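Here's the structure we're looking at; comments come further down.
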Amino acid sequence: MISSSRRTPSNGLLFCIALAAGGSASAAPRLVCQLAQGDTATRIEVAPTSDPYTVATRQINHFRFKAVVVGDASGVEYVKLYTYYETVRGGAEQGGEKLRLVHQARYVAPALQHDDGPGLTGTVYVYEPRLGREFSYDCALREVAA
Numbered sequence: 001m002i003s004s005s006r007r008t009p010s011n012g013l014l015f016c017i018a019l020a021a022g023g024s025a026s027a028a029p030r031l032v033c034q035l036a037q038g039d040t041a042t043r044i045e046v047a048p049t050s051d052p053y054t055v056a057t058r059q060i061n062h063f064r065f066k067a068v069v070v071g072d073a074s075g076v077e078y079v080k081l082y083t084y085y086e087t088v089r090g091g092a093e094q095g096g097e098k099l100r101l102v103h104q105a106r107y108v109a110p111a112l113q114h115d116d117g118p119g120l121t122g123t124v125y126v127y128e129p130r131l132g133r134e135f136s137y138d139c140a141l142r143e144v145a146a
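Heads up, the sequence shown is in UniProt numbering, so the first residue is 1 and it goes up one at a time.
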């Protein structure tokens, strides 16, 4: 009988390694944003889309925020961020309300950020022109398990 004192990895260990390697392949880019206005704060995740015209706005009190991420699971072509303010005067009509665009930002071919690193936008503060209400957002392009 021949025996060896050398240990070989068990099938269970090999399975775990294969699962971990395969798990990273199923990750997809997501724009993760923290939105705040007054005492209201929320977190949103936005997946890439091929049709930017179907993206809905998110309402935070008197502000609306729209994050458009164009691309697919393999990468992001661009990110466009829009902040609107609801007003009774002028502005675009949307669902019976008038919205005025107060801020727009564009990021072409953004790179993914690490969880512990800085985000894509940093903290951005937007103010409503008449009353000075403050809205802020901070977005990062992260890789999220799909």
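By construction, the Cβ of each residue, glycine as well, lies at the ideal position given by its N, Cα and C atoms.
Note that the coordinates shown come from a computational prediction; the quantities given were computed from them, not determined experimentally.
Excluding the 5 residues preceding and the 5 following THR49 in the sequence, name in chain order all residues of the same chain whose CB lies nearer than 6 Å to its CB.
Position 49 of the sequence shown, counting from 1, holds the residue named residue 49. Excluding residues within five positions, none has a Cβ falling inside 6 Å.
For the beta strand (DSSP E) containing GLN59, name the first residue and the last one.
As a first step, residue 59 must be located in the sequence shown, where it is residue number 59. Its beta strand (DSSP E) spans residues 58-60.
Let me know if LEU141 comes out buried or exposed under the rule of 16 or more other beta-carbons within 10 Å of its beta-carbon.
Counting from 1 along the sequence shown, the entry for residue 141 is found at position 141. LEU141 is buried by the Cβ-count criterion.
Quick one, are the C-beta atoms of ILE44 and PHE135 less than 9 Å apart?
Looking up residue 44 in the sequence shown gives position 44. Looking up residue 135 in the sequence shown gives position 135. Cβ atoms of ILE44 and PHE135: not closer than 9 Å.
So for THR40, helix, strand or coil by DSSP?
Your numbering for residue 40 matches position 40 in the sequence shown. The answer is strand: DSSP assigns THR40 an E or B state.
Tell me, to the nearest whole angstrom, how far the beta carbon of LEU31 is from that of THR42; I am working on the premise that it is less than 8 Å.
Mapped onto the sequence shown, residue 31 falls at position 31. Mapped onto the sequence shown, residue 42 falls at position 42. Not really, about 14 Å apart at Cβ, beyond 8 Å.
Which partner residues does GLN34 have in the DSSP bridge list?
Position 34 of the sequence shown, counted from the first residue, corresponds to residue 34. According to DSSP, which records beta bridges pairwise, GLN34 is partnered with ARG43, ASP138.
Among ALA105, ALA47, VAL88, HIS62, which one has its Cα closest to the Cα of THR123?
Your numbering for residue 123 matches position 123 in the sequence shown. Cα-wise, what sits closest to THR123 is ALA105.
Who are the near neighbours of PRO52 in its chain, counting only those whose CB is closer than 6 Å to its CB and skipping five residues on each side?
Here residue 52 is taken as the residue at index 52 of the sequence shown, counted from 1. Closer than 6 Å at Cβ, skipping near neighbours: VAL68, VAL70.
In chain order, what residues of the same chain have a beta carbon less than 7 Å from the beta carbon of GLY38, not counting five sequence neighbours either side?
One-based indexing of the sequence shown puts residue 38 at position 38. Around GLY38: ASN61.
Helix, strand or coil: how does DSSP classify THR49 here?
Here residue 49 refers to the residue found at position 49 of the sequence shown. Here THR49 sits in strand by DSSP.
Just to confirm, are THR57 and TYR84 a CB contact at a threshold of 9 Å?
Taking the sequence shown and counting its residues from 1, the one referred to as residue 57 is at position 57. Taking the sequence shown and counting its residues from 1, the one referred to as residue 84 is at position 84. For THR57 and TYR84, yes; Cβs fall inside 9 Å.
How big is the Cα-Cα spacing for GLU86 and ALA109?
Taking the first residue of the sequence shown as position 1, residue 86 is located at position 86. Taking the first residue of the sequence shown as position 1, residue 109 is located at position 109. For GLU86 and ALA109, the distance between alpha carbons rounds to 31 Å.
Cα-Cα, which of LYS98, ASP72, THR54 is closest to ARG64?
By one-based count along the sequence shown, residue 64 stands at place 64. Looking at the Cα atoms, LYS98 is the closest of the given residues.
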